[in-house]
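See below for the structure under consideration.
In the UniProt record's numbering, the protein residues as written are 1 to 234.
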C-alpha cells in the first residue's frame, strides 16, 4: 500500500508537516510490517484484554473487589444508603450493594463470544486507524461494535440474577424501610437497567486498562507480533 493511501485515513485537519511526520513513521509496501500483521496485532491485543481482564470480572467478587469497576448505588438510592448507615443498618446497605455486583459478575460470562466476534471483524483500515488513535482507540472500537448486543445479553441475565440472589427481596426490604421513614420521598429505580449499564462500563474500563498497558509499557507486549505492531505507534 502506498503512502498516499495511508495518508487518506489520517484526519484531514492535520497540517502538512504533521502528515509528513506520520507518513515517514509508517512502513512502505513490502517493507517492515504488513497490513495483515497490523490487523493481527490489534486483534491479539484485544484478545489479551478480553482474556486477561474481562474473565476476572466474571468471577465471584470480580466487580465487588475491584475499585475501578465496583458498582455502587444509583443516585436515587444513595440517600437510602446514607440514611440506613446513619441509623446503624450498615450491614443491610452492604448486602444491597453486594447483590448488584453479583448480578454483574453473572452477566459478564455472556460477553466473550460477542467480543470475539467483534475482534474478528477488524479490517485493515480499522487496524490502522486504531493503531494511530489514542490510548483507548481499540476499546472505543469494541464499544461501538458491542454495546447494543452486550446490553441485550446482559440485561435478562442481570434481571434473573437479581431475582436468584434475592436482590429483589433485599431491595424491596431496603426501599420499604426507607420509604416508611418520615420526611422521605419514595424511590423506585430500575435496578436491572442500572446494573446493566454499570456492568458494560466496567467491562470497557478493564479492556482499556490492558490496552493502555500494551501501548505504553513495552514489557506488556508479550509476543513478537505485539512488539512489532505497537512499535509503529511509539
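Ideal Cβ placement from N, Cα and C applies to all residues, glycine included. This structure is a prediction, so every number in the text was calculated from the model and none was measured.
So, using beta-carbon positions, are residue i and residue j closer together than 8 Å?
| i | j | result |
| --- | --- | --- |
| residue 33 | residue 103 | no |
| residue 96 | residue 171 | yes |
| residue 37 | residue 225 | yes |
| residue 77 | residue 203 | no |
| residue 92 | residue 174 | yes |
| residue 135 | residue 35 | no |
| residue 151 | residue 74 | no |
| residue 222 | residue 68 | no |
Within 10 angstroms of the Cβ of residue i, are there 16 or more other Cβ atoms? Answer buried if so, exposed if not.
| i | result |
| --- | --- |
| residue 65 | exposed |
| residue 53 | buried |
| residue 117 | exposed |
| residue 161 | buried |
| residue 164 | exposed |
| residue 72 | exposed |
| residue 138 | buried |
| residue 180 | exposed |
| residue 231 | exposed |
What residue from the options has the CA that sits closest to residue i's CA?
| i | options | result |
| --- | --- | --- |
| residue 154 | 171, 100 and 119 | 100 |
| residue 50 | 167, 79, 198 and 208 | 208 |
| residue 233 | 205, 223 and 218 | 218 |
| residue 70 | 79, 198 and 119 | 198 |
| residue 121 | 141, 106, 180 and 196 | 141 |
| residue 105 | 227, 196, 182 and 229 | 196 |
| residue 108 | 190, 90, 60 and 132 | 60 |
| residue 123 | 90, 63, 39 and 229 | 39 |
| residue 191 | 166, 90, 214 and 177 | 166 |
| residue 98 | 79, 177 and 63 | 63 |
Can you tell me whether residue i is helix, strand or coil according to DSSP?
| i | result |
| --- | --- |
| residue 49 | helix |
| residue 23 | Since pLDDT at residue 23 reaches only 38, below the 50 mark, its modelled position is unreliable, and no value is offered. |
| residue 215 | helix |
| residue 69 | coil |
| residue 206 | helix |
| residue 159 | helix |
| residue 232 | coil |
| residue 87 | coil |
| residue 77 | helix |
| residue 255 | The first residue shown for the chain is 1 and the last is 234, placing residue 255 beyond what the model contains. |
| residue 123 | coil |
| residue 176 | helix |
| residue 223 | coil |
| residue 60 | coil |
| residue 9 | Because the pLDDT of residue 9 is 32, which lies under 50, any placement of that residue in the model is unreliable, and the number read from its coordinates should be weighed accordingly. In the structure shown, residue 9 sits in coil (DSSP, three-state: anything other than H, G, I, E or B). |
| residue 113 | helix |
| residue 135 | coil |
| residue 96 | helix |
| residue 140 | helix |
Output yes if chain C places a C-beta closer than 8 Å to the C-beta of residue i; else output no.
| i | result |
| --- | --- |
| residue 175 | Of the chains in the structure shown, none is chain C; there is only one protein chain. |
For the ligand COA, is there a heavy atom less than 7 Å away from the beta-carbon of residue i?
| i | result |
| --- | --- |
| residue 111 | Absence of the ligand COA is noted for the structure shown, with no ligands found whatsoever. |
Quiz item: When the Cβ atoms of the stretch 126-138 are set against those of the stretch 103-112, are three or more pairs found closer than 8 Å?
Solution: no
Quiz item: Are the stretch 81-100 and the stretch 137-152 touching by the rule of at least three beta carbon pairs closer than 8 Å?
Solution: no
Quiz item: Do the stretch 208-220 and the stretch 32-48 meet, that is, are 3 or more Cβ pairs less than 8 Å apart?
Solution: yes
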